[in-house]
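Just so you know, we're using my numbering here: the sequence shown kicks off at 122 and counts up by one.
Note that the Cβ used here is the ideal one computed from N, Cα and C, for glycine as well.
Quantities reported herein were computed from a predicted structural model and do not represent experimental measurements.
So the structure is just underneath, and the comments pick up after that.
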Amino acid sequence: TLAPETITILQQLPDKVQAQAFFSPQTDPTTATKLLDQYKFHAKGKFDYQFIDPVSNPVAAQQARITQDGTIVLSMGGHQELVTIVSEQEITGALLRLINPETSTVYFLTGHGEYSPDDTGKQSYSQVKQTLVSKNYTVKTLNLLANSQIPSDAKAIIIAGPRKPLSQSEVDLLDGYLKNGGSLI
122 TLAPETITIL QQLPDKVQAQ AFFSPQTDPT TATKLLDQYK FHAKGKFDYQ
172 FIDPVSNPVA AQQARITQDG TIVLSMGGHQ ELVTIVSEQE ITGALLRLIN
222 PETSTVYFLT GHGEYSPDDT GKQSYSQVKQ TLVSKNYTVK TLNLLANSQI
272 PSDAKAIIIA GPRKPLSQSE VDLLDGYLKN GGSLI
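See below:
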């Protein structure tokens, strides 16, 4: 079954979503069919799909800019998202990008030994970054010691486990950001 978050997104779709699944006879569509059936069921009439064989219909594959067998193209309101890995996480992420085509930027504070969204390993937040990106966020880093202002596009600032204290000027910048409606984690 689909995750509760996915079901909520499907029930709140603002417009109808059409999925085109491009599967040649060499690619097994069973997993995609089961998953797309669940999306269709929970969307209550706002999600439909069709399978297209890119070998027998190369024009449709070309028009959809398909370069890989097993790709699903989601369309809504003139926008399209391609899914090349058939999974709930990928399809739901594509739906979120269709619903909210504009990205929001989240900044990870740096300069105090914080966990990094770019490193891999035990002391990193790379999986958090990956999840945010899949939900249509742009993830950047911010060093307030080097740049003494908070970017205007900051939707939220994440302070991930600093090992050194923030300076008073940084605290003042973050306090002003919060007072002006910013978000801090």
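**Report entry** Proximity to L230 [Cα-Cα], best of D136, A281, V249, I206
**Finding:** Nearest in C-alpha terms to L230, of all of D136, A281, V249, I206, is A281.
Query raised in the report: For T226 versus D293, is the C-beta distance shorter than 7 angstroms?
Result: No, the Cβ-Cβ distance between T226 and D293 is not below 7 angstroms.
Report task. Determine the DSSP secondary structure at F162, reduced to helix, strand or coil. Result -> Helix at F162.
Query raised in the report: Nearest CA to the CA of L265: which residue from S288, K276, D136?
Result: Answer by Cα proximity: S288.
Query - Opening and closing residue of the alpha helix (DSSP H) in which Y298 lies - result: 289-300 is the span of the alpha helix (DSSP H), which, as asked, contains Y298.
Report task. Could you tell me whether the Cβ atoms of S245 and S255 are closer together than 7 angstroms? Result -> Not a contact, by the Cβ cut-off of 7 angstroms.
**Report entry** DSSP state of A277 mapped onto helix, strand, coil
**Finding:** Of the three classes helix, strand and coil, the one that applies to A277 here is strand, per DSSP.
**Report entry** Whole alpha helix (DSSP H) elements within the stretch 200-240, 4-residue minimum
**Finding:** Taking only runs of at least 4 residues, the alpha helix (DSSP H) segments lying wholly in the stretch 200-240 are 209-220.
Query raised in the report: Taking the C-alpha atoms as reference points, what is the distance between H163 and L131?
Result: For H163 and L131, the distance between alpha carbons rounds to 6 angstroms.
Report task. Check whether the Cβ atoms of F143 and I187 lie closer than 7 angstroms to each other. Result -> Contact flag set, yes.
Query - Length at least 4, wholly inside the stretch 239-270: the alpha helix (DSSP H) runs in chain order - result: Listed in chain order, the complete alpha helix (DSSP H) runs (minimum 4 residues) inside the stretch 239-270 are 247-255.
Query raised in the report: Is it right to say V176 is buried, meaning 16 or more other beta carbons lie within 10 angstroms of its own, or is it exposed?
Result: Burial check for V176: the Cβ neighbour count within 10 Å stays below 16, so the residue is exposed.
Query raised in the report: If you draw a straight line from the alpha carbon of G232 to that of I206, how long is it in whole angstroms?
Result: Spanning the two alpha carbons is a distance of roughly 36 angstroms.
Report task. Using a threshold of 7 angstroms, state whether the C-beta atoms of T148 and G214 are closer than that. Result -> Taking the C-beta atoms as reference points, G214 is found no nearer than 7 angstroms to T148.
Query raised in the report: How many angstroms separate the CA atom of I193 from the CA atom of K155?
Result: Distance between the alpha carbons of I193 and K155 is about 14 angstroms.
Report task. Quick one: using the 10 Å Cβ neighbour count with 16 as the cut-off for buried, is V180 buried or exposed? Result -> When all chains shown are included, V180 counts as exposed.
**Report entry** Residue from Q141, D174, I173, N178 with nearest C-alpha to K161
**Finding:** Taking only the C-alpha atoms, the option nearest K161 is Q141.
Report task. Could you name the residues that DSSP lists as bridge partners for I193? Result -> Under the DSSP definition of a beta bridge, I193 partners with A142, V204.
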